[in-house]
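Undergrad: Note that the sequence shown covers residues 16 to 404 in our numbering. Cβ coordinates follow ideal geometry from the N, Cα and C atoms, glycine included. The structure presented is a predicted model; accordingly, all values stated were derived computationally and were not measured. Below you'll find the structure I mean.
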Amino acid sequence: MPNAFPPVTLSHEEMTRYSRHLLMPEVGMGGQRKLKAARIVVVGAGGLGSPVAIYLAAAGVGTIGLVDFDDVDRTNLQRQILYSTADVGRPKLQAAALRLRALNPNVTIEAHETPLSSSNALSILGSYDLVIDGTDNFPARYLINDACVLTGRPFVHGSVFRFEGQVAVFATPDGPCYRCLYPEPPPPFLVPTCAEAGVLGVLPGIIGTIQAAEAIKLVLGAGDSLAGRILVLEALRMRFREVRLQKDPDCPACGRHPTIRELIDYDRFCGVAPRASVASGAVAGAEIAPEDLKGRLDRHDQVLVVDIREQPEREINRIPGAVAIGSDDLAGYVAKAGPTRDVVVYCRTGDRSGRIVDELREGGFGRVFNLKGGIAAWVARVDRSQPTY
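The structure is reproduced here in structure tokens:
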């Protein structure tokens, strides 16, 4: 954080608006001026970014940057409180800017409607005092971390998964960075996303609000930040625990002899970066379109349809006649199906099943096919009587 913010003044309206801040000795007039002069960017305007942006705007942070390129989807509304039903189909940043300006017309909203990448991360993030990570994927986190270390910007990290959330502050001058915790990204698609595993709707609100509190404290220079600590919430048991984290002297990003001196783009999952196609050579030649599968089923061809999703997903929708097989048991099932029967595997979007089909084909199972687009494409193009998720 900069040692001194540019001088700003508060109008009478702002003094009234922020009066509950002004009464606090930890904030007061001087702290509120710091907030007004601050520039904070939120990467990801989704479940975490929604409460973060709302509370930063309400607190009077003068300039709030938002980085996202997605449109509002109906599935977002369960947790992304920046948006309403009327916003479905609208660009997120357009809807978010309207909501935040309506909440506080004194703040400036800077929209960066673009995927964060190695070519723009330094220029975007480096133009702000503080970065907040509201993403849901590992590649974006490493990109944010490396850009913040290189530009000398601290960032407030948050993550959510089902009933568990985490908050930490990374890349402060004397504190650890994200790579001190995880030196290298995991292999692509190793960790399921919220779209695949689900998340309790209120959890991003809790974690995002804590992120906003940490950001405000950093601007004010008040209290003890979560630098060097990871706050973990287990919402099912409603317990917080704390994990201590030391700065790694051999960290490739922030250590004594850093080796990361420029940004690269990692394999992408979802969220702020476009999801990469999972179809490698094998899967690309082993996909079947929903319409073609429907035709084969109507003709009673020798084809077995396998649903590899978890039970809660199967309760939402399914392809009639499909059998539920766990991914670990699929190879044995395919082997028993015999060499003359085709097996079509599906998941929600075709990503998980595509990876499994790829592995099976590499293992010698040549009559295994991935349903292109998964059950989502089936419902959209074949059976619209079923719900989507």
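Within the stretch 218–254, note down every full alpha helix (DSSP H) run reaching 4 residues or more, in order along the chain.
TA: List check, alpha helix (DSSP H) in window: 218–235.
Undergrad: For leucine 71, report the span of its alpha helix (DSSP H) as first-last.
TA: First-last of the alpha helix (DSSP H) with leucine 71: 64–74.
Undergrad: Measuring alpha carbon to alpha carbon, tell me which of Val258, Arg254 and Ser142 ends up nearest phenylalanine 178.
TA: Selected option, being the one with the closest Cα: Arg254.
Undergrad: Considering only residues of the same chain and omitting the five flanking positions on each side of isoleucine 340, which have a CB-CB separation below 6 Å?
TA: Closer than 6 Å at Cβ, skipping near neighbours: Val321 and Tyr348.
Undergrad: Could you give the first and the last residue of the continuous beta strand (DSSP E) run that contains asparagine 135?
TA: Run containing asparagine 135: none; DSSP gives neither H nor E here.
Undergrad: Go to glycine 13, then tell me how far its beta strand (DSSP E) extends in each direction, as first and last residue.
TA: The structure shown does not extend to residue 13, since the chain is modelled only from 16 to 404, so the question has no answer here.
Undergrad: From aspartate 398 to glycine 141, what does the alpha carbon distance come to, in whole angstroms?
TA: When rounded, the distance between both Cα atoms is 48 Å.
Undergrad: Per DSSP, phenylalanine 20 is paired with what?
TA: In DSSP, phenylalanine 20 forms no bridge with anything.
Undergrad: Leaving aside the five residues before and after alanine 237 along the sequence, list all residues of the same chain whose C-beta is less than 6 Å from its C-beta, in chain order.
TA: The answer, listed in chain order, is Glu41.
Undergrad: Should the stretch 228–247 be regarded as contacting the stretch 62–80, the criterion being three or more beta carbon pairs within less than 8 Å?
TA: Yes: at least three Cβ pairs fall under 8 Å.
Undergrad: Using a Cβ-Cβ cut-off of 6 Å (strictly less than) and excluding sequence neighbours within five positions of glycine 62, which residues of its own chain qualify?
TA: Closer than 6 Å at the Cβ level, and outside the excluded window around glycine 62, lie Arg94, Gln95 and Pro219.
Undergrad: For threonine 78, which of Ala111, Lys51, Glu28 and Arg314 has the nearest alpha-carbon?
TA: It is Lys51 whose Cα lies nearest to the Cα of threonine 78.
Undergrad: May I have the straight-line CA-CA distance separating glycine 167 from aspartate 239, to the nearest angstrom?
TA: In a straight line, the C-alpha of glycine 167 is about 20 Å away from that of aspartate 239.
Undergrad: Evaluate histidine 172 with the Cβ neighbour count: other Cβ atoms within 10 Å of its Cβ, from every protein chain shown; 16 or more gives buried, anything less gives exposed.
TA: Buried is the call here.
Undergrad: Over what stretch of residues does the beta strand (DSSP E) that includes isoleucine 147 continue unbroken?
TA: Unbroken beta strand (DSSP E) run through isoleucine 147: 145–148.
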